[in-house]
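Numbering-wise, this note's numbering comes out as the position in the sequence shown, counting from 1, plus 273. Comments concern the structure below.
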Amino acid sequence: MATKIIIDTDPGVDDTIAICMALRSPEVQVLGLTSVFGNVKGEVTAQNALRLVELEGHGDIPVARGSDLPLFSRFEMDGAVVHGEDGMGNTHPPTPRGKVIERTAAQFIVDTVRANPGEMTLLAIGPLTNLALALRLDPGIAGLVKEVVVMGGAAACPGNMTPVAEANIWHDAHAADTVMAAGWPLVLVGLDVTQKTVMSAQFRQELFRADNAAVRFIEKIIPCYVQFADTVYRMDGGIYTHDPSAMAYIIRPDLFSTRSAPVFVETEGRCIGQTVADWQHQWEARPEVKVCLDVDSAGVLALIRERLTR
274 MATKIIIDTD PGVDDTIAIC MALRSPEVQV LGLTSVFGNV KGEVTAQNAL RLVELEGHGD
334 IPVARGSDLP LFSRFEMDGA VVHGEDGMGN THPPTPRGKV IERTAAQFIV DTVRANPGEM
394 TLLAIGPLTN LALALRLDPG IAGLVKEVVV MGGAAACPGN MTPVAEANIW HDAHAADTVM
454 AAGWPLVLVG LDVTQKTVMS AQFRQELFRA DNAAVRFIEK IIPCYVQFAD TVYRMDGGIY
514 THDPSAMAYI IRPDLFSTRS APVFVETEGR CIGQTVADWQ HQWEARPEVK VCLDVDSAGV
574 LALIRERLTR
């Protein structure tokens, strides 16, 4: 039976790849997308989410617009330099035909989990504001989800937004700490593994030989993302595989090695957004989460290629 999922997302070039993978994977059934601020402003990510469900004929999948702001702080910096002002590599795709539903993202998450107890996986590939707001609305959903998979954090490596913080967590550290403490089955797919899996220029050239709408769209929007990686990380045409790695975990968790520990998120000061795994249980009691620490990168890349070219 296919795993039912909601994708909480801030599309985003790498979000696009992850969502296209999900919609092309028989192992999962996407029940909805919930948009959130992050890579670009909230009004843009909502429109991009609509574009992505319509890209290959999935316009019946509901899109709920979520938060435009973090819980307690200002939204001071988006990822336009990485993803383009439109989140789609400055390609300015056509206006989507569909509209977001009337319910908020948080309410949609609550309603869908309640309607499918024990069956829902939440894939969070943006800031965690919507998930924290859903917990505020109904803390009981923590005991009803099958799993929460979060692309975020840097438990044993440097950050990419600050020396210690990964971008999705940094954008709303308070929400992230709420999500880490909720007690639901949670897996953290952070920079510890996503930066070990690199899509090389050669990999993309082979991928782009496929003739389908998803691959053609990815090929169009990705140059901005590649240019950023070359400029900042000197990756010689390669790009890190962030959000697609989290999607890969849902399909093939055997490709990842995890270790469980309570995870705390710093919410103030210079280290705001840092994810601290308490491996020795030295701090106060908190539910453990699974932290991905190693990955079969070749297996993840093979899975991405197979799903996008099938």
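The beta-carbon is built from N, C-alpha and C at its ideal position, and this holds for glycine as well.
If you draw a straight line from the Cα of A502 to the Cα of G511, it comes to about 7 Å. Taking C-beta separations shorter than 7 Å and ignoring five residues to either side along the sequence, the partners of V573 in its chain run T470, T514, S518, A521 and L528, following chain order. In the DSSP annotation of this structure, G572 is not part of any beta strand (DSSP E); the continuous alpha helix (DSSP H) holding it starts and ends at S570 to T582. Contact between L461 and V423 holds, with the beta-carbon distance rounding to 5 Å and staying under 8 Å. Only buried fits D287, as 16 or more other CB atoms lie within 10 angstroms of its CB. Residue nearest to S473 within the set V499, P458, F490 and L576 is V499 (criterion: CA-CA distance). The beta carbon of T504 sits closer than 8 Å to no other beta carbon from its chain once the five residues preceding and following it are set aside. When secondary structure is reduced to three states using DSSP, R347 falls in the coil class, being assigned neither helix nor strand.
With respect to the C-alpha of V309, the residue from P299, Q320, D411 and S340 having the closest C-alpha is S340.
Boundaries around F476 are those of the alpha helix (DSSP H), A474 to L480, since no beta strand (DSSP E) includes it. In the DSSP assignment, F310 falls outside any beta strand (DSSP E), carrying neither H nor E. Around the Cβ of P369, a 10 Å sphere holds 16 or more other Cβ atoms; the residue is buried. Counting C-beta atoms within 10 angstroms of its own C-beta, R338 has 16 or more neighbours from the protein chains shown and is therefore classed as buried.
One thing to note: T385 has its Cβ within 8 Å of the Cβ of G305. Annotated three-state conformation of V466 is helix, per DSSP. Look at P400 here: in three-state DSSP terms it is coil, with no helix or strand label. As the crow flies, the alpha-carbon of I334 is around 11 Å from that of K372. When T451, R482 and I523 are compared, the shortest CA-CA separation from V538 is found for T451.
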